[in-house]
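Chains as they are written, first to last, in our numbering: chain A, 1 to 263; chain B, 1 to 505; chain C, 1 to 307. Yeah, the Cβ is synthetic: ideal placement off N, Cα and C, and Gly gets one too. From a predicted model like this one, the values you see are computed outputs, not experimental measurements. First up is the structure itself, then whatever we jot down about it.
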Amino acid sequence: MAEKLLELQGISMAFGGLKCIQALDLDVGEGEIVSVIGPNGAGKTTLFNLITGVYQPTGGDIVFAGKSITGLEPHQITRRGIARTFQTLRLFLNMSVRENVMAAAYGHTKAGVFRSMLRTPGMRREEQEIRELAEKRLAFFGDRLMGYRWDQPAYSLSYANRRRLEIARATATNPRLLLLDEPAAGMNPKETQEITDLISLLRTEGGYTILVIEHDMHVVEGISDRVIALNHGIKIAEGSFDEVATSPQVVEAYLGTGGMAKK
Amino acid sequence: MSGGYDDELSRPLEGALEASTSEGPTSPAVGRDEWVARHGDNRTRRGGLLGTVEARLRVVPWWAWLATFVALFCLLPVASDSGYVRRVAFDIAIYMLLALGLNVVVGWGGLLDLGYIAFFGIGAYAYAFLSSDHYGIHLPSFVSIPLVVVIGATTGFLVGLPSRRLTGDYLAIVTLFFLLLFLTVTTNGDDLFGHNVTGGANGLLNADPLSLFGHELPPTLEGGLFNPAYMYVVLAVFVVVYVALRFVNLSRTGRAWRSLREDPLAAEVMGMPVNSLKLMSFAFGAAIAALSGTFVTMLSASVFPLSFSFPLLIIIYTMVILGGSGSQPGVVLGAVLIGTLLELLRDPGDSRVLFYAAIVLGVLGAFRFSVKLAVVVAGTFVFGFVAHSIAGASDNAWVNGSGGEGGGVADFAANWVIVPVHVAAWVAPVSYVSLVALALVLTLLHGWARIALLIPVLYLAAFVWENVMIAQPEPTRYIILGVILIALMIFRPTGLLGEKRVEII
Amino acid sequence: MDTFIQLTLNGLTLGSVYALIALGYSLVYGILKLLNFAHGDVFMVGTFIGFGAIQLLGGTVNPIVPVWTLLILITLAAMAGCAVLGVVIERFAYRPLRDAPRIAPLISALGVSFFIAYSMQLLFGSELRNYDTFSLDGGALYLEGFDIGNVRVPMIRIITIVSAFVMMILLWLLVSRTRVGKAMRATSFDREAAAMMGIDIDKVIVFAFVLGSALAGAAGVLFALRIPTYATIGFLIGLKGFTAAVIGGIGSIPGAMAGGLVLGFAESYAQGYISTRWSDLLVFVILILFLVFRPQGILGKADIRKV
């Protein structure tokens, strides 16, 4: 395995008495695509919230690119190179498609308020760069998010395009690690296939390491180098797709103790 | 079923496009983006002549609008040499500045800052501290004004600090208490640990006028007239602030502000430091408010705690919300409209004309040119004359109480509305409360029932206006502001020029 | 020592009125998550209804009914009038905005507050209105009572304190024991889930406004028995009531009582031991500190941020 980019060391998370994640170890190597699966309530989205700093873990340490990021604010973590999408889609709905992506470039751009007021040449150059970056990120999705759609408000997009825009926005933060929270949720089979191809492309062309939560087993099978199964905040299986899919604990977690059928 | 497609991403999309165009090449498919987009266009774009005018106007660049507006504003003192008009123009220019500042906090930062007026006051007091006889410090304006702005921004920053822990209405309350704190301290500050700091309720006097390049601008010209130069100065400051803020709004900072207003968590996770951005908008608003405060102190050469009260806060809020919170031209328009309205309401003649004009325009706007309009207008006229003649026939004292200013409108009102010579004490509360109650009932009715009720309500409104409200401009102004706020929130939360916004939950 | 007893008594009287107002804020906030800025003005209307009712009953010097009947009647009148006002406010100013962004009903509430306060000023002027309860029974309410040490506890304070506490206990029983109380608690916990369980949300909200406003009306009369009132008094008193609600933990009924008393004592001691000019300042500072460092109040629970 390549060098570890993200490493979770004994992470725990509890809300009051409710333990969502318990002593979880997890790592993602540079350039890998790792999928996290598990039934509803297994703690998958909580995991993402912990990595991105939305929640502070009650125990353990998160190491990114060799440095601990535990206790940092979400925007600081994003600057270190972790970006995410939201399962529930949290776009800036009343802003244009292009602005949504441009806004995400905030972390790695510098022009201050006073330079903006004076519109200094440096600020204008940077603004041009942000604009080009946004258009490049949107162009990644072929003509799905091209041309006239750039200036439309995000709320006018279809559901599938909103998911794409979420990904485009996340990539505009120039991340090394991309966290995708159910990228294929609510998509039809054709769109699901497209997103599967796209995730592979994100690695080969974008150069991102990817950690993905997904329920659609076809997608998981199609993209993953490695699969991690969670249940009740505990890692119950880890390995290749086939290893995890046939693991008795995973079958039990999905189908209950009496379950006989295998997927 | 992995990898069944070409690497080229456009391929699968062609399939999808074909599927959607099968319904016919011209009809956009339901559920597709094009359809949604066109639907939006259809709704916002008008047809006909009005639509053409609107489309043309939209092409006019922002700076042309700004330049025209400022040019017209500059002409005011030239067109009218009345000191009153000039003074009002100055006040409105201050309102415009204040509205621009509040727009940064409320419209862009999305923070409900109910302490905004305190920063206006802090600016006014800080200028008086730095340039008046009170401490014997007389800094020249080009030093004291920037200092005041820095003081304003710093206080704004400090007050905003807890905003990292407070959201929404809690922040509103903390800032409101800051305003009350400011008022308590300034009102009782003539004995602060034995020192006279703020002059208490008597305020601070003898503040220096504006000095530009060694010349002092006297606040009043010979003959006690207001010096219009101050209006030009404030207008110039307004233009600078407007343009600077516009540029900020178009930069990455502006985008970040809009993002955090849309979804603070998503903004934070996309790398925007939400708390510092909020603080920044807070400090910006405070700085602009403080800047406006300096000019008010200069002009009146004095400063009193009562100038920074809660009603002023509501006035500025109404301006921002009426114009369209978040839209710079909107809040300026709101400042001009509300500023003018409040001035007109001071004078019984003007306010009478304004009242009837508002009624006519309101009815016209509600019914356009239709049968219903004719019924309402005719019905109201007849109702009025009949009521007036019945009352007049029984006792002349019932209708002879009027006779005010307002030209033809007043004459009309005198012959139409019942204005008794002597109004019994119970008349005012009973008529006013029934007017409010009936107006509320009106919103529940539909169709002809509404029109049938509308006629007596309009007449009752005129009765209340002539007999109760016109004589008391002060509460009337604030009542109207309150009604504007409620009605705007319910019927048009975006204001006049605000962008259409959707909230999808 | 006498001063201390006197101030404690003041604080208790003031605090019980604040607590009644705070309950109105808490009830509405708990269910609608709306900071009802107009609540203080409902209180003010209560003080005026009480004043009007006294005039209707013949004034305090020569009332047409016995003193106790008079006191009960004016309180009931204020409670009923305020309850109607509260329902009207909810129906016309807040209900249309129930699904709007959070800031919209807040601004609407500011508008309502302004509208009510200045409507009163328009109709009844801005001068002080005094109930003149001293004239009732030749000052009996002030002269009779019992003594603690050298401090006389007059009847009028006993009336205020006892009736405030009785009403608070009744409210508490109502919310914790009855069906409608259960519906209110369910709604405040999760409005949508409550609706799906067959609770009529509109009714619950209206009920909360009725209760809260009636309590504000009662508070108005109890307050104005001793202290003159005026058209714009609602703003400051309302803010203090809200402060009490926040200090106690907004949404919590025992919290509102505790918060009201804490605030009443703080204000009274500050007036007595520091200075009357700065007592308001102390109240503001307490509130700001509470909001910043313990926004959930004394008895409230912290929220978990959901993503």
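Let me confirm a value: residue i is counted as buried when at least 16 other C-beta atoms fall within 10 Å, else exposed. Which label applies?
i: glutamate 32 of chain A; result: buried
i: tyrosine 159 of chain A; result: exposed
i: isoleucine 64 of chain C; result: exposed
i: aspartate 113 of chain B; result: buried
i: asparagine 227 of chain B; result: buried
i: proline 105 of chain C; result: buried
i: methionine 196 of chain C; result: exposed
i: histidine 75 of chain A; result: buried
i: glutamate 267 of chain C; result: buried
i: glutamate 166 of chain A; result: buried
i: serine 26 of chain C; result: buried
i: methionine 96 of chain B; result: buried
i: glycine 16 of chain A; result: exposed
i: asparagine 100 of chain A; result: buried
Rounded to whole angstroms, what is the Cα-Cα separation between residue i and residue j?
i: phenylalanine 119 of chain B; j: glutamine 87 of chain A; result: 42 angstroms
i: phenylalanine 193 of chain B; j: threonine 186 of chain B; result: 13 angstroms
i: valine 154 of chain C; j: proline 311 of chain B; result: The residue you asked about is not valine; residue 154 of chain C is proline in the sequence shown. Looking at the two C-alpha atoms, the distance is approximately 39 angstroms.
i: alanine 93 of chain C; j: phenylalanine 165 of chain C; result: 31 angstroms
i: tyrosine 5 of chain B; j: glycine 206 of chain A; result: Here tyrosine 5 of chain B scores only 38 on pLDDT, less than 50, and its place in the model is too uncertain to base an answer on.
i: glycine 222 of chain A; j: glycine 43 of chain A; result: 23 angstroms
i: glycine 66 of chain A; j: isoleucine 316 of chain B; result: 52 angstroms
i: alanine 185 of chain A; j: glutamine 193 of chain A; result: 12 angstroms
i: leucine 161 of chain B; j: alanine 19 of chain C; result: 30 angstroms
i: phenylalanine 241 of chain A; j: isoleucine 37 of chain A; result: 10 angstroms
i: leucine 100 of chain B; j: alanine 287 of chain B; result: 11 angstroms
i: alanine 172 of chain A; j: aspartate 225 of chain A; result: 25 angstroms
i: phenylalanine 37 of chain C; j: glycine 324 of chain B; result: 22 angstroms
i: glutamate 73 of chain A; j: valine 269 of chain B; result: 9 angstroms
i: serine 116 of chain A; j: phenylalanine 247 of chain B; result: 6 angstroms
i: alanine 207 of chain B; j: isoleucine 486 of chain B; result: 39 angstroms
i: glycine 156 of chain B; j: glycine 121 of chain B; result: 12 angstroms
i: alanine 105 of chain A; j: isoleucine 130 of chain A; result: 7 angstroms
i: glycine 110 of chain B; j: isoleucine 314 of chain B; result: 17 angstroms
i: valine 417 of chain B; j: alanine 358 of chain B; result: 17 angstroms
According to DSSP, which residues form a beta bridge with residue i?
i: aspartate 181 of chain A; result: A:Ile213
i: threonine 229 of chain C; result: C:Arg129
i: histidine 138 of chain B; result: B:Ser131
i: serine 302 of chain B; result: Beta-bridge pairing links serine 302 of chain B to no other residue.
i: leucine 333 of chain B; result: In the DSSP output, where bridge partners are listed per residue, leucine 333 of chain B has none listed.
i: serine 35 of chain A; result: A:Val212, A:Val227
i: leucine 291 of chain B; result: Answer by DSSP bridge pairing: none, since leucine 291 of chain B is not bridged.
i: arginine 152 of chain C; result: C:Asp147
Any beta carbon from chain D within less than 9 angstroms of residue i's own beta carbon?
i: glycine 186 of chain A; result: This model lacks chain D altogether, as its protein chains are A, B and C.
Under 8 angstroms: do the region 172-192 of chain B and the region 256-268 of chain B share three or more Cβ pairs, one atom per stretch? Contact between the region 172-192 of chain B and the region 256-268 of chain B is absent, with fewer than three C-beta pairs closer than 8 angstroms.
For the region 245-292 of chain C, list the beta strand (DSSP E) runs that are entirely contained and at least 3 residues long, ordered along the chain. Entirely contained in the region 245-292 of chain C, not one beta strand (DSSP E) run reaches 3 residues.
Do the region 132-139 of chain B and the region 251-269 of chain C make contact, defined as three or more Cβ pairs closer than 8 angstroms? Taking 8 angstroms as the limit for Cβ pairs, the verdict is that the region 251-269 of chain C does not touch the region 132-139 of chain B.
So does the region 107-124 of chain C actually touch the region 37-57 of chain C, counting three or more Cβ pairs closer than 8 angstroms? Cβ pair count under 8 angstroms is three or more, so yes.
Just checking, does the region 80-98 of chain C make contact with the region 204-217 of chain C on the three C-beta pairs under 8 angstroms criterion? Yes, since at least three Cβ pairs between the region 80-98 of chain C and the region 204-217 of chain C fall closer than 8 angstroms, the two stretches touch.
Go through the region 197-227 of chain C residue by residue and report every complete run of the alpha helix (DSSP H) that reaches 4 residues or more, in order. Complete alpha helix (DSSP H) runs here, min 4: 201-224.
Enumerate, from N- to C-terminal direction, the unbroken alpha helix (DSSP H) stretches of 4 or more residues contained entirely within the region 228-256 of chain A. Complete alpha helix (DSSP H) runs here, min 4: 241-246, 248-255.
Would you call the region 52-60 of chain A in contact with the region 240-256 of chain A, where contact means no fewer than 3 C-beta pairs closer than 8 angstroms? No: fewer than three Cβ pairs fall under 8 angstroms.
Please list the segments of the alpha helix (DSSP H) lying wholly inside the region 14-56 of chain C, counting only runs of 4 or more residues, in order along the chain. Those alpha helix (DSSP H) runs which fall completely within the region 14-56 of chain C and span 4+ residues are 39-56.
Answer yes if the region 282-293 of chain B comes into contact with the region 65-79 of chain B, meaning at least three C-beta pairs across the two stretches below 8 angstroms, and no otherwise. Taking a cut-off of 8 angstroms for Cβ pairs, the region 65-79 of chain B and the region 282-293 of chain B do not touch, as fewer than three such pairs fall below it.
For the region 170-177 of chain A and the region 143-159 of chain A, state whether three or more C-beta atom pairs, one from each stretch, are separated by less than 8 angstroms. Touching, no, given that fewer than three Cβ pairs across the two stretches are closer than 8 angstroms.
At a cut of 8 angstroms, does the region 217-227 of chain C reach the region 477-492 of chain B through at least three beta carbon pairs? They do not touch, by the three-pair rule.
Looking at C-beta atoms only, is the number of pairs between the region 184-192 of chain C and the region 1-13 of chain C that lie closer than 8 angstroms three or more? Per the Cβ contact rule, the region 184-192 of chain C is not in contact with the region 1-13 of chain C (fewer than 3 Cβ pairs under 8 angstroms).
Would you call the region 89-109 of chain A and the region 268-285 of chain B in contact, with 3 or more CB pairs under 8 angstroms? With a cut-off of 8 angstroms, the region 268-285 of chain B and the region 89-109 of chain A count as touching, because enough Cβ pairs lie within range.
Segment contact flag, the region 48-56 of chain C with the region 272-289 of chain C, C-beta cutoff 8 angstroms, min 3 pairs: No: fewer than three Cβ pairs fall under 8 angstroms.
Looking at C-beta atoms only, is the number of pairs between the region 275-283 of chain B and the region 136-143 of chain B that lie closer than 8 angstroms three or more? At 8 angstroms Cβ cutoff, the stretches do not touch.
Complete alpha helix (DSSP H) runs within the region 186-211 of chain B (minimum length 4 residues, chain order): With a minimum length of 4 residues, no continuous alpha helix (DSSP H) run stays inside the region 186-211 of chain B.
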